[in-house]
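S.K.: Chains as they are written, first to last, in the working numbering: chain A, 1 to 222; chain B, 223 to 444. We put the CB at the ideal spot given by N, CA and C, even for glycine. The structure presented is a predicted model; accordingly, all values stated were derived computationally and were not measured. Structure provided below as structure tokens; questions to follow.
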DNA sequence: TCATAACCGTACCATAGAGTACGCTTTTTA
DNA sequence: TAAAAAGCGTACTCTATGGTACGGTTATGA
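Next comes the structure, spelled out in structure tokens:
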């Protein structure tokens, strides 16, 4: 009676399965918070069960071990992370330099978020024991960024606005120039946050350097 | 009788103190290996004592807690790390581009070492709980590198060979361009090692980009 | 030679945390 | 309305590990 056939996906979605999905999401949310804030070793299954309000048995009903839960969390959280990326490439405007600055600022805003830093730390910290986590994160976050920017740069190169050379590498290098400085300092705990003017200045430096390096060889102004 | 007065430092160096120093070093060496390879949580005091051969009591005689030992290890290991840096800035030759490439290659060789990667991971992983570790590492490793290169670049700028602008920032950006790509991949466990040709290609890309960006504005060839 | 500091081995304590067992209650389905 | 699935709470097991205690031994220094 309460069984619905979802016409779009064609799969059965009983009330039970919906609830189960909700519950799973709730667990993932709570677990994500804990892993991001306390790290892997600092997170306890008992603690998660406690803040969930349920019992430990239920937790193990969904995830067979701490490692399994951790994997699911990384998966879940990086998918969210990537979802935020698509919005970043603002509508390109006529001014190339300005468009790049907007793009870079968007990335910086995202990457210097406390959550982003925590996630980055977590992945790096556990990449030794769980190499798949590194792969998952890299493919969904940095790589996606490079690809997005590379596609844009390829168009710009084709229109002869900048030196036409390895768009993917160019994208990676530009992002690196923007992001590395403060990211490094935040990962190492030297600073807590990157303020808007700090970000603006760094983006300025990076895009200027990039534009000079990718200017056309003849005297044509870009 | 076996007490010597060291004329240089003016401090007493009894046989006992020498032994103590040796012992301390031995502990640090063993502990460093364990922390680098197993991480903080994966390292056990009992394990260290066991591979040392001695007893646990002795270990606590030297370091009052695991955290204290960890701090000492980071300190010790980053000092060694920095010591290796001074050798890197090869004697500058006439060709600026070549000198930069040598410098960058030296840095890359050092930074992609398994130990360097492990240390980097360790610092990033624990920077949340032990912020001082981040500071110690940053000041001794990346910052030193930037300073070293910045001094060199300042000279080059003064001689009018490249655009004269913020040598410290220039140094940081060049190092970042070289290092970030493979460092990121190694930290995340995507690749195990960076081969010589890989490094050479990356250094080529980075220095080319840098030289184009810092070329003088008039048509003078650098 | 004698006092002492360091060291060894071993046994021990206390705590924490992953994972299990089980009996009772609630929700869902048919 | 009855069977079944999921959940709850609580108590429990088992193992790992940081840290301590202690009695006997060796190296060191005066």
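Look at the alpha carbon of residue 367 of chain B and the alpha carbon of residue 294 of chain B, and state the distance between them as a whole number of angstroms.
M.R.: 22 Å
S.K.: Rounding to the nearest angstrom, what Cα-Cα distance links residue 187 of chain A and residue 16 of chain A in this structure?
M.R.: Answer to the nearest angstrom: the Cα atoms are 42 Å apart.
S.K.: Among A:82, A:125, A:122, whose alpha-carbon lies nearest the alpha-carbon of residue 148 of chain A?
M.R.: A:82
S.K.: Taking only beta carbons into account, state which residues of the region 335-353 of chain B come closer than 7 Å to chain A, listed in chain order.
M.R.: 343, 345, 346, 347, 349, 350, 353
S.K.: If you follow the alpha helix (DSSP H) that residue 33 of chain A is part of, which residue opens it and which one closes it?
M.R.: 15-42
S.K.: Step through the CB atoms of chain A and report whether any lies within less than 7 Å of the CB of residue 263 of chain B.
M.R.: yes
S.K.: Only counting the same chain, and skipping five residues up and downstream in sequence, which positions put a Cβ closer than 8 Å to that of residue 225 of chain A?
M.R.: In the structure as shown, chain A starts at 1 and stops at 222, and residue 225 of chain A therefore has no counterpart that could be examined.
S.K.: Just the chain B side, please: which residues come within less than 7 Å of residue 188 of chain A by C-beta, in chain order?
M.R.: 345, 346, 349, 356, 359, 360
S.K.: So which residues on chain B does residue 172 of chain A lean against when the C-beta distance must stay under 9 Å?
M.R.: 402, 403
S.K.: Less than 7 Å between the beta carbons of residue 383 of chain B and residue 318 of chain B, yes or no?
M.R.: Yes; because the gap between Cβ atoms is below 7 Å, this pair is in contact.
S.K.: Taking Cβ-Cβ distances below 8 Å as the criterion, which residues of the region 16-41 of chain A are in contact with chain B?
M.R.: So the list reads 39, 40, 41, given in the order they occur along the chain.
S.K.: Where does residue 464 of chain B fall in DSSP's three states?
M.R.: Look at the range of chain B in this structure, 223 to 444, and you will see that residue 464 of chain B is not part of it.
S.K.: I want to verify the contact list: residues of chain B whose CB lies under 8 Å from the CB of residue 142 of chain A, in sequence order.
M.R.: 406
S.K.: Along chain B, in chain order, which residues have C-beta atoms closer than 8 Å to that of residue 177 of chain A?
M.R.: 395, 398, 399
S.K.: Measure from the alpha carbon of residue 287 of chain B to the alpha carbon of each residue in B:361, B:236, B:266, B:378, then state which is nearest.
M.R.: B:266
S.K.: In angstroms with no decimal places, state the Cα-to-Cα distance between residue 332 of chain B and residue 193 of chain A.
M.R.: 29 Å
S.K.: Could you name the residues of the region 417-440 of chain B whose beta carbon sits closer than 7 Å to any beta carbon of chain A, in the order they occur along the chain?
M.R.: 427, 431, 434, 435
S.K.: Measure the CB-CB distance between residue 350 of chain B and residue 190 of chain A and report whether it falls below 7 Å.
M.R.: no
S.K.: Rounded to the nearest angstrom, how far is the Cβ of residue 261 of chain B from that of residue 341 of chain B, given a contact under 8 Å?
M.R.: Rounded to whole angstroms, the Cβ separation of residue 261 of chain B and residue 341 of chain B is 11 Å, and the two are not in contact under 8 Å.
S.K.: So, for residue 168 of chain A: in the same chain, excluding its five sequence neighbours on each side, which residues have a beta-carbon less than 6 Å away from its beta-carbon?
M.R.: 150
S.K.: Can you list, in chain order, the residues of its chain whose CB lies under 8 Å from that of residue 327 of chain B, leaving out five sequence neighbours each side?
M.R.: 421, 422, 425
S.K.: For the alpha helix (DSSP H) containing residue 93 of chain A, name the first residue and the last one.
M.R.: Careful: residue 93 of chain A lies outside any alpha helix (DSSP H) and carries neither H nor E.
S.K.: Here's a check: name, in chain order, each residue in its chain whose Cβ is nearer than 7 Å to the Cβ of residue 250 of chain B, leaving out the five neighbours to either side.
M.R.: 294, 295, 298
S.K.: By Cβ distance, which residues of its chain are closer than 7 Å to residue 46 of chain A, with the 5 residues on each side in sequence left out?
M.R.: 56
S.K.: What are the boundary residues of the alpha helix (DSSP H) that includes residue 55 of chain A?
M.R.: Residue 55 of chain A -> no alpha helix (DSSP H), and no H or E assigned at all.
S.K.: Given that a residue counts as buried once 16 or more other Cβ atoms are within 10 Å of its Cβ, and exposed if not, what is residue 402 of chain B?
M.R.: Here residue 402 of chain B is buried, its C-beta having at least 16 other C-beta atoms within 10 Å.
S.K.: Whole angstroms is fine: what's the gap from residue 18 of chain A's alpha carbon to residue 62 of chain A's?
M.R.: 14 Å
S.K.: DSSP three-state call for residue 118 of chain A: helix, strand or coil?
M.R.: helix
S.K.: Determine the closest residue to residue 399 of chain B out of B:378, B:385, B:381, B:433, with distance taken between C-alpha atoms.
M.R.: B:433
S.K.: Restricting to Cα atoms, I'd like to know which of B:438, B:431, B:271 is closest to residue 214 of chain A.
M.R.: B:431
S.K.: So, does the CB of residue 371 of chain B fall closer than 7 Å to a CB anywhere in chain A?
M.R.: no
S.K.: Need the endpoints of the alpha helix (DSSP H) that residue 193 of chain A sits in, please.
M.R.: It is not in any alpha helix (DSSP H) - residue 193 of chain A carries neither H nor E in the DSSP assignment.
S.K.: With H, G and I counted as helix, E and B as strand and the rest as coil, what does DSSP make of residue 203 of chain A?
M.R.: helix
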